[in-house]
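A.B. asks:
There are 2 protein chains.
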Amino acid sequence: MAVYTEVSDEALTAFLSAYEIGTLLSYKGIAEGVENTNFFLHTTAGSYILTLYEKRVREGDLPFFLNLMEHLAARDLACPQPIRNRDGAALGRLCGRPAVIVSFLDGVSVKRPGLHHCGELGRALAGLHAAGADFGMVRENSLSVEAWRPLFAVAEAQADTVAPGLGGRTRADLAVLEAGWPRGLPGGVIHADLFTDNVFFIGDRLSGLIDFYFACTDAFAYDLAICLNAWCFDADGTYHRDKGQALIAGYQAVRALEPAEVAALPILCRGAALRFMLTRLVDWLNVPPGALVQPKDPLEYDRRLVFHRDAGRAEDYGWVAESLARASPP
Amino acid sequence: MAVYTEVSDEALTAFLSAYEIGTLLSYKGIAEGVENTNFFLHTTAGSYILTLYEKRVREGDLPFFLNLMEHLAARDLACPQPIRNRDGAALGRLCGRPAVIVSFLDGVSVKRPGLHHCGELGRALAGLHAAGADFGMVRENSLSVEAWRPLFAVAEAQADTVAPGLGGRTRADLAVLEAGWPRGLPGGVIHADLFTDNVFFIGDRLSGLIDFYFACTDAFAYDLAICLNAWCFDADGTYHRDKGQALIAGYQAVRALEPAEVAALPILCRGAALRFMLTRLVDWLNVPPGALVQPKDPLEYDRRLVFHRDAGRAEDYGWVAESLARASPP
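If you're matching them up, the sequences are chains V and G in order. Just so we're aligned, residue 1 is where the first sequence starts under the numbering used here, counting upward by one. Just so we're aligned, residue 331 is where the second sequence starts under the numbering used here, counting upward by one.
1. Between which two residues does the beta strand (DSSP E) containing G:GLY518 stretch?
2. Excluding the five sequence neighbours on either side, which residues of its own chain have a C-beta within less than 6 Å of the C-beta of V:GLY318, listed in chain order?
3. Counting only Cβ pairs nearer than 7 Å, list the residues of chain V close to G:ILE532.
4. Just checking: is the beta-carbon of V:ALA14 within a distance shorter than 7 Å of some beta-carbon in chain G?
5. Just checking my contact of G:TYR357 with G:PHE345 at CB under 8 Å: how many whole Å lie between their CB atoms?
6. Buried or exposed for V:PRO63, going by 16 or more other Cβ atoms inside 10 Å?
7. Between which two residues does the beta strand (DSSP E) harbouring V:HIS42 extend?
8. Can you give the Cα-Cα distance for G:LEU539 and G:ASN528, rounded to whole angstroms?
9. Would you say the beta carbon of G:TYR378 is closer than 6 Å to some non-hydrogen atom of the ligand HEM?
10. With a cut-off of 7 Å, does the C-beta of V:GLU35 fall near any C-beta of chain G?
11. Please confirm whether G:ALA361 has its beta-carbon closer than 7 Å to some beta-carbon of chain V.
12. Identify whether V:PRO259 lies in helix, strand or coil by the three-state DSSP scheme.
13. Taking 6 Å as the limit between beta carbons, can you name the residues of its chain near V:THR37, skipping five residues before and five after?
14. If we ignore side chains and look at the alpha-carbon of each, how far apart do V:VAL348 and V:MET69 end up?
15. Consider the Cβ of V:PHE214: report whether some Cβ of chain G lies at a distance smaller than 7 Å.
16. Ends of the alpha helix (DSSP H) at V:PRO150?
17. Would you please verify whether the beta carbon of G:ASP436 is less than 7 Å from any beta carbon of chain V?
18. Taking the DSSP output, what are the residues bridged to G:LEU382?
19. Go through its chain and collect everything with a Cβ distance to G:GLY352's Cβ below 7 Å, but skip five positions before and after it.
20. Are the Cβ atoms of V:ILE202 and G:LEU355 separated by less than 7 Å?
21. Check whether the segment 626 to 644 of chain G and the segment 535 to 551 of chain G touch, using three or more Cβ-Cβ pairs below 8 Å as the test.
22. For the alpha helix (DSSP H) that contains G:LYS573, what are its first and last residues?
23. Which of helix, strand or coil does DSSP assign to V:ASP218?
24. Can you tell me whether V:ARG86 is helix, strand or coil according to DSSP?
25. Under a Cβ-count criterion, where at least 16 other Cβ atoms within 10 Å of its own Cβ denotes burial, should G:THR491 be classed as buried or exposed?
26. Could you spell out the range, first to last residue, of the beta strand (DSSP E) harbouring V:GLY127?
27. Just to confirm the assignment, what range does the alpha helix (DSSP H) spanning G:TYR631 have?
28. Going by DSSP, which residues form a beta bridge with V:PHE200?
29. Quick one: list the residues of chain V neighbouring G:VAL617, beta-carbon separation under 8 Å, in chain order.
30. Give the interface partners of V:ASP9 over in chain G, defined as CB-CB distance under 9 Å, in chain order.
31. Is V:ALA321 near V:PRO266, with beta carbons less than 7 Å apart?
32. Should G:TYR647 be flagged as near chain V, meaning a C-beta pair shorter than 7 Å?
33. List the residues of chain V whose Cβ lies closer than 9 Å to the Cβ of G:PHE370, in chain order.
34. Would a check of beta-carbon distances place G:VAL333 closer than 7 Å to chain V?
35. Excluding the 5 residues preceding and the 5 following V:GLN158 in the sequence, name in chain order all residues of the same chain whose CB lies nearer than 6 Å to its CB.
36. Three-state secondary structure (DSSP) at V:LEU24?
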């Protein structure tokens, strides 16, 4: 949520001269995106977002993200569309950083989603999975189950200083998840970070998805599990099954879950919670001096894990038998 | 340059329901304004800036600033225009803070102004002074000569830790300025903070002035002196007389300086430099832990003061006899 790199009017004007998007009228650094620097651009041709990629994004991954956004936008999924310059390149360089201009999407993030928002999200998520089906690139999920133990190793010694018993709980979770992690589920492109900040609404209508910088190739149902974690819990760890039901029903209105996905939902949800607890824990313990960004609380996900350890069935998350799901309000 | 106050979609939607500016399409926290939190708003009716005033702005001063912007905008000066809600109020409350919506101004701040920019600024500054002539409110300049000694008292003991000899130089400057500060010069509303960030250009044309939160009632020539400091020096303290000449000539193309103002220009410039050195010095020595904003370097103004101490005549700043000024390129 910060501008890490200042961009002068001269540098920006020179950069824009390679694009056919009119004359610069205005640009403002915006407090959005934890990992990158973003500017709102207004030109005589319209509104755009200019992103400068800071250290945490691997430059080699950018073609995957940019091609994916282009692929999805071409299939009418409402997401930022990379703008190519006169040479046909979407990826440029500005102030020493990889830089990209994408189309500006209207919409507002909902801090406290209701049932209707969850239903809309479910439909959009399934639409994203469908639209990505013929995308030709692959990017492994570098934050899946194999990554969790090495991540935890970085934080393990200090885990109990963050919450008593956190180290022990995490070791036990890791053992269960590594032993039981499902393989061979239907998969393809997933967003992998569809938190409320990354989903826009205009009024009641879902108007777009943003921030594809964790997108990767993995199980579709894992993406659903990430969303159930991000959208259906209170910060205190209370799960709202009615929200989960709306989200899953919305998803199934577009793409039916296979029995193996339904069966795997509880462990996928538990794994997704551990993944966010771990990355937050590492960030929490490694705030650099002078940090511009407040780290997110890992204990929000520690509290979600309490629910996941008890929840053994997809029904606990709001999944209902097909006939009922089809009958639920759209 | 930070978002100090988070505003949820629910809080913003409730706030906007009192205004007739259409439906919210988008809002982004923007990294602009050292003292306040600013959001870019896009609605079905257009683009706006929403400002939440943080602690450093005195709430009692807000009617002066808001009425002034309204007064100037009504006289076709390009500046943000406060939007009144259905009850006719420009000043509202949001997230516990005084909050105002103003019209969005296109334009780009020029980091390294050239001669042409300085000329445009001079004309706009004189236009501002003329447009404010019939403004009915008064706000004393709380950062003029009387304020400098108390400001210095806060920093005096530590001044030499910032630069060797800074304390002694400042004491000598204060004595000279307090003894010789000019009184009775033509005056009225001044902007008092017209740094390059607060002046917008589209291409070569000055498109607007923003950030009236230091505006007050004081000598017009002091406003010009502030601009000469902010626009005509390099960071190393080198004065560009050609820029000063363009700025002064631009000003005089709209409003001729009186002889007393010309004579006072050197001391006004020296005073303006000391004012910014002092406020920066105090901020420099008092960065709160966890500050979101990098303090500005007071020594930039300490270096400008070296020039000012030697410069005794308006000519040193680029003022030229009337006939020459009139002949200079517009």
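C-beta: ideal position from N, C-alpha, C; glycine also. Note that the structure is a prediction, hence the values are computed from the model and not measured.
C.D. replies: Quick answer:
1. For this step, residue 518 of chain G is matched to residue 188 along the second sequence. Looking at the DSSP string, the run of the beta strand (DSSP E) that includes G:GLY518 is 517 to 520.
2. Position 318 of the first sequence, counting from 1, holds the residue named residue 318 of chain V. Counting only Cβ-Cβ distances below 6 Å, and skipping sequence neighbours, we find ARG241, GLY244, GLN245 and ILE248.
3. To locate residue 532 of chain G, count along the second sequence from 1; it is residue 202. Those are LEU25, listed as they occur along chain V.
4. The residue you call residue 14 of chain V lines up with position 14 of the first sequence. Chain G, which has no Cβ nearer than 7 Å to the Cβ of V:ALA14, makes this no.
5. Position 27 of the second sequence, counting from 1, holds the residue named residue 357 of chain G. Position 15 of the second sequence, counting from 1, holds the residue named residue 345 of chain G. In fact, because the Cβ distance is near 11 Å, the residues do not count as touching under 8 Å.
6. Against the first sequence, residue 63 of chain V aligns to sequence position 63. Answer is exposed; the Cβ neighbour count stays below 16.
7. Sequence index remark: in the first sequence, residue 42 of chain V carries index 42 (1-based). Residues 36 to 43.
8. Locating residue 539 of chain G in the second sequence gives position 209, counting from the first residue. Locating residue 528 of chain G in the second sequence gives position 198, counting from the first residue. The alpha-carbon separation between G:LEU539 and G:ASN528 amounts to approximately 6 Å.
9. As for the ligand HEM, it is missing from this structure, which has no ligand bound.
10. Position 35 of the first sequence, counted from the first residue, corresponds to residue 35 of chain V. By this cut-off, V:GLU35 is not an interface position.
11. Looking up residue 361 of chain G in the second sequence gives position 31. Yes, G:ALA361 counts as interfacial toward chain V.
12. By 1-based counting over the first sequence, the position of residue 259 of chain V is 259. Three-state result, V:PRO259: helix.
13. Position 37 of the first sequence, counted from the start, is the residue given in the question as residue 37 of chain V. Taken in chain order, the residues that qualify are VAL3, TYR4, THR5 and LEU52.
14. Because chain V in this structure spans residues 1 to 330, residue 348 of chain V falls outside the shown range and cannot be described.
15. Position 214 of the first sequence, counting from 1, holds the residue named residue 214 of chain V. Output row for V:PHE214: interface = no.
16. For this step, residue 150 of chain V is matched to residue 150 along the first sequence. Here the alpha helix (DSSP H) through V:PRO150 covers 145 to 155.
17. For the purposes of this step, residue 436 of chain G is taken as the residue at position 106 of the second sequence. So yes, G:ASP436 belongs to the interface.
18. Mapped onto the second sequence, residue 382 of chain G falls at position 52. Beta-bridge pairing links G:LEU382 to G:THR367 and G:ALA429.
19. Locating residue 352 of chain G in the second sequence gives position 22, counting from the first residue. Closer than 7 Å at Cβ, skipping near neighbours: THR373, THR374 and ALA375.
20. Your numbering for residue 202 of chain V matches position 202 in the first sequence. Your numbering for residue 355 of chain G matches position 25 in the second sequence. Cβ atoms of V:ILE202 and G:LEU355: closer than 7 Å.
21. no
22. For the purposes of this step, residue 573 of chain G is taken as residue 243 along the second sequence, with counting starting at 1. G:LYS573 -> alpha helix (DSSP H) spans 571 to 584.
23. As a working mapping, residue 218 of chain V is identified with position 218 in the first sequence. It is a strand residue.
24. By 1-based counting over the first sequence, the position of residue 86 of chain V is 86. In this structure, V:ARG86 counts as coil in the three-state DSSP scheme.
25. As a first step, residue 491 of chain G must be located in the second sequence, where it is residue number 161. With fewer than 16 other Cβ atoms within 10 Å, it is exposed.
26. The count along the first sequence starts at 1 and reaches residue 127 of chain V at position 127. V:GLY127 -> not in any beta strand (DSSP E); alpha helix (DSSP H) instead, spanning 115 to 131.
27. Counting from 1 along the second sequence, the entry for residue 631 of chain G is found at position 301. Here the alpha helix (DSSP H) through G:TYR631 covers 629 to 640.
28. Numbered from its first residue, the first sequence carries residue 200 of chain V at position 200. According to DSSP, V:PHE200 bridges with V:GLY208.
29. On the second sequence, residue 617 of chain G is found 287 positions in, with the first residue counted as 1. Residues of chain V passing the Cβ test: none, with the nearest at roughly 10 Å.
30. As a working mapping, residue 9 of chain V is identified with position 9 in the first sequence. Result: VAL438, SER439, VAL440, LYS441, ARG442 and PHE531.
31. Here residue 321 of chain V refers to the residue found at position 321 of the first sequence. Here residue 266 of chain V refers to the residue found at position 266 of the first sequence. Going by C-beta atoms, V:ALA321 is not nearer than 7 Å to V:PRO266.
32. Position 317 of the second sequence, counting from 1, holds the residue named residue 647 of chain G. No, G:TYR647 lies away from the interface with chain V (no Cβ there is under 7 Å from its Cβ).
33. Residue numbering aside, residue 370 of chain G sits at position 40 when the second sequence is read from its first letter. Simply LYS28, ILE30 and PHE40.
34. Walking along the second sequence from the start, residue 333 of chain G turns up at place 3. Yes, its Cβ sits closer than 7 Å to a Cβ of chain V.
35. Locating residue 158 of chain V in the first sequence gives position 158, where the first residue counts as 1. Once the five neighbours on either side are set aside, the close Cβ partners of V:GLN158 are LEU285.
36. Taking the first residue of the first sequence as position 1, residue 24 of chain V is located at position 24. Here V:LEU24 sits in strand by DSSP.
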